[in-house]
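A.B. asks: Count along the sequence shown from 1, then add 9; that gives the number in this note's numbering.
Sharing a structure with you now.
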Amino acid sequence: MNQFSISQLAHFSGIKPHTIRIWEQRYQALNPQRTEGNTRFYDGQQLRRLLNIVSLTKTKYKVSQLCSMSDEDLYKLVKEQNAEAGQKNDYDYFVNQLISAGMNYDVYSFEKAFSDSLSKLGMEKTYIEVINPMLKRIGILWSSNSIPPSQEHYISHLLKQKMFAAIDSLPNQKENEETWLLFLPEDEFHELGLLFSNYLIRSKGKNVVYLGPSMPLSSIQDVLSGTKIDKMLLFVVHKNLPENVGEYLANLVGLSKGKSIFVAADKELSEKLPAAGPFNWLHSVKDLEDVFLDEENLKPVK
Numbered sequence: 010m011n012q013f014s015i016s017q018l019a020h021f022s023g024i025k026p027h028t029i030r031i032w033e034q035r036y037q038a039l040n041p042q043r044t045e046g047n048t049r050f051y052d053g054q055q056l057r058r059l060l061n062i063v064s065l066t067k068t069k070y071k072v073s074q075l076c077s078m079s080d081e082d083l084y085k086l087v088k089e090q091n092a093e094a095g096q097k098n099d100y101d102y103f104v105n106q107l108i109s110a111g112m113n114y115d116v117y118s119f120e121k122a123f124s125d126s127l128s129k130l131g132m133e134k135t136y137i138e139v140i141n142p143m144l145k146r147i148g149i150l151w152s153s154n155s156i157p158p159s160q161e162h163y164i165s166h167l168l169k170q171k172m173f174a175a176i177d178s179l180p181n182q183k184e185n186e187e188t189w190l191l192f193l194p195e196d197e198f199h200e201l202g203l204l205f206s207n208y209l210i211r212s213k214g215k216n217v218v219y220l221g222p223s224m225p226l227s228s229i230q231d232v233l234s235g236t237k238i239d240k241m242l243l244f245v246v247h248k249n250l251p252e253n254v255g256e257y258l259a260n261l262v263g264l265s266k267g268k269s270i271f272v273a274a275d276k277e278l279s280e281k282l283p284a285a286g287p288f289n290w291l292h293s294v295k296d297l298e299d300v301f302l303d304e305e306n307l308k309p310v311k
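Printed below as a string of structure tokens:
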């Protein structure tokens, strides 16, 4: 797919359609084309141009100046801005560059922007301030089938590669340390949040048994019966009826034998489910971090 509506450009860039139109009319920032039915659309080059302009709006240049520049001049400025973005906490810069590279299947630019973000911000802040906002921005389009599966899979694959590399860089797991079981329920496939949780938990010195996406309860039961597991963490991302989620969690409790269960889900879903039960609801990265902070505070002073 190489045709985008102005509403899709707005989702990707975070700039309102009204503002994009003003930039077009006043500064000729973009040059939309028209279908045979006279419907306006933008191609991938126009999307990348807009994202480059947005990436540079916090620099010394005015919007009017950026909009009048050639694509080549914008790209040169983008490369120069790489060195400063992390120091200025310009997270939107990295978000826009990753979206631009991902939508254009540009692995070199994607890896460059990701590596720069990682070196300047670290993995934890990169996930919170860059990856998560990026996924939220384009997730609206994924869920409405407004972009093809190829782009979703391409971006997800690149991000998974980076996550696995970060996890592999952590110290080896330790014998007799607290062990977490991480998995997604059956028919849940959006794995990035679970992978980051793997990284975060491992970075706290804990062990992780990582099963990945779409695990049937029978597989969870096999692990619990043969492995020392202290805590479990699962994500509920797929839109499902609260009663179905509640039934699944009830069955999981039956298998858990009193182990702590952490469920990452949006607040709206958790509020629709019964409050009773041995669940710890997580609605953000901070909630998971607080689990380890609480453990530190409970340790006896030596």
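Even for Gly, the Cβ is constructed at its ideal location relative to N, Cα and C.
Bear in mind that the values here come from a model prediction, so they are computed numbers and not experimental data.
Which runs of the beta strand (DSSP E) at least 3 residues long sit entirely within the segment 157-243? Give them in chain order.
C.D. replies: For the segment 157-243, whole beta strand (DSSP E) runs of length 3 or above, ordered along the chain, are 188-194 and 216-224.
A.B. asks: For the candidate residues THR236, GLU280, VAL294 and ALA274, whose alpha-carbon lies nearest to that of LYS268?
C.D. replies: Within the sequence shown, residue 268 is the residue found at index 259, counting from 1. It is THR236.
A.B. asks: Whole angstroms is fine: what's the gap from GLU244's alpha carbon to ARG35's?
C.D. replies: Looking up residue 244 in the sequence shown gives position 235. Looking up residue 35 in the sequence shown gives position 26. Note on identity: in this sequence residue 244 is Phe, with Glu being the wrong assignment. Roughly 46 Å separates the two Cα atoms.
A.B. asks: On a Cα-Cα basis, can you pick out the residue from ARG43, VAL87, TRP32 and LYS85 that is closest to VAL72?
C.D. replies: Sequence index remark: in the sequence shown, residue 72 carries index 63 (1-based). For VAL72, the nearest C-alpha among the options comes from TRP32.
A.B. asks: Count the other CB atoms within 10 Å of the CB of VAL272; is the residue buried (16 or more) or exposed (fewer)?
C.D. replies: Residue numbering aside, residue 272 sits at position 263 when the sequence shown is read from its first letter. Per the 10 Å Cβ criterion, buried.
A.B. asks: Would you decide whether HIS166 is buried or exposed? Buried here means 16 or more other CB atoms lie within 10 Å of its CB.
C.D. replies: Taking the sequence shown and counting its residues from 1, the one referred to as residue 166 is at position 157. HIS166 should be labelled exposed.
A.B. asks: Count the other CB atoms, across all protein chains shown, that sit within 10 Å of the CB of THR135; report buried if there are 16 or more and exposed otherwise.
C.D. replies: Position 126 of the sequence shown, counting from 1, holds the residue named residue 135. Counting Cβ neighbours within 10 Å, THR135 comes out buried, since at least 16 surround it.
A.B. asks: Taking 7 Å as the cut-off, decide whether the C-beta atoms of GLY53 and ASN11 are in contact.
C.D. replies: Stepping through the sequence shown from its first residue, residue 53 is reached at position 44. Stepping through the sequence shown from its first residue, residue 11 is reached at position 2. Contact: yes.
A.B. asks: Pull up the DSSP beta-bridge partners for TRP290, would you.
C.D. replies: Walking along the sequence shown from the start, residue 290 turns up at place 281. Its beta-bridge partners are VAL272.
A.B. asks: Looking at chain C, is there any beta carbon in it that lies within less than 7 Å of the beta carbon of PHE173?
C.D. replies: Chain labels in this structure do not include chain C; a single protein chain is all it has.
A.B. asks: Taking just the CA atoms, how far does SER234 sit from PHE21?
C.D. replies: Stepping through the sequence shown from its first residue, residue 21 is reached at position 12. Stepping through the sequence shown from its first residue, residue 234 is reached at position 225. Taking the straight line joining both Cα atoms gives about 46 Å.
A.B. asks: Could you give the DSSP three-state label for TYR114: helix, strand or coil?
C.D. replies: Locating residue 114 in the sequence shown gives position 105, where the first residue counts as 1. If DSSP states are grouped into helix, strand and coil, TYR114 belongs with coil.
A.B. asks: With a threshold of 8 Å, are at least 3 pairs of Cβ atoms found where one atom belongs to the segment 62-79 and the other to the segment 23-32?
C.D. replies: Taking 8 Å as the limit for Cβ pairs, the verdict is that the segment 23-32 does touch the segment 62-79.
A.B. asks: Tell me, which residues are paired with GLN42 by DSSP?
C.D. replies: The residue given as residue 42 occupies position 33 in the sequence shown. Partner(s): PHE50.
A.B. asks: Verify the contact flag: GLN160, CB atom, against every heavy atom of the ligand ADP, threshold strictly below 6 Å.
C.D. replies: Among the ligands in the structure shown, none appear at all, so the ligand ADP cannot be discussed.
A.B. asks: Go ahead and pull the three-state DSSP assignment for ARG35.
C.D. replies: As a working note, residue 35 is residue 26 in the sequence shown. Looking at ARG35 - three-state DSSP - the assignment turns out to be helix.
A.B. asks: Is the number of C-beta pairs between the segment 208-219 and the segment 248-255 that are closer than 8 Å three or more?
C.D. replies: No: fewer than three Cβ pairs fall under 8 Å.
A.B. asks: With 16 other CB atoms within 10 Å as the buried threshold, where does LYS43 fall?
C.D. replies: Translated into the one-based positions of the sequence shown, residue 43 becomes position 34. Here residue 43 turns out to be Arg, not Lys, going by the sequence shown. Answer is exposed; the Cβ neighbour count stays below 16.
A.B. asks: Hey, out of LYS276, GLY23 and LEU59, whose CA is closest to GLN37's CA?
C.D. replies: In the sequence shown, residue 37 corresponds to position 28, counting from 1. Closest by alpha carbon: LEU59.
A.B. asks: Identify, in the order they occur along the chain, each residue of the same chain with its Cβ nearer than 7 Å to the Cβ of TYR257, setting aside the five sequence neighbours on each side.
C.D. replies: Taking the first residue of the sequence shown as position 1, residue 257 is located at position 248. The answer, listed in chain order, is PRO194.
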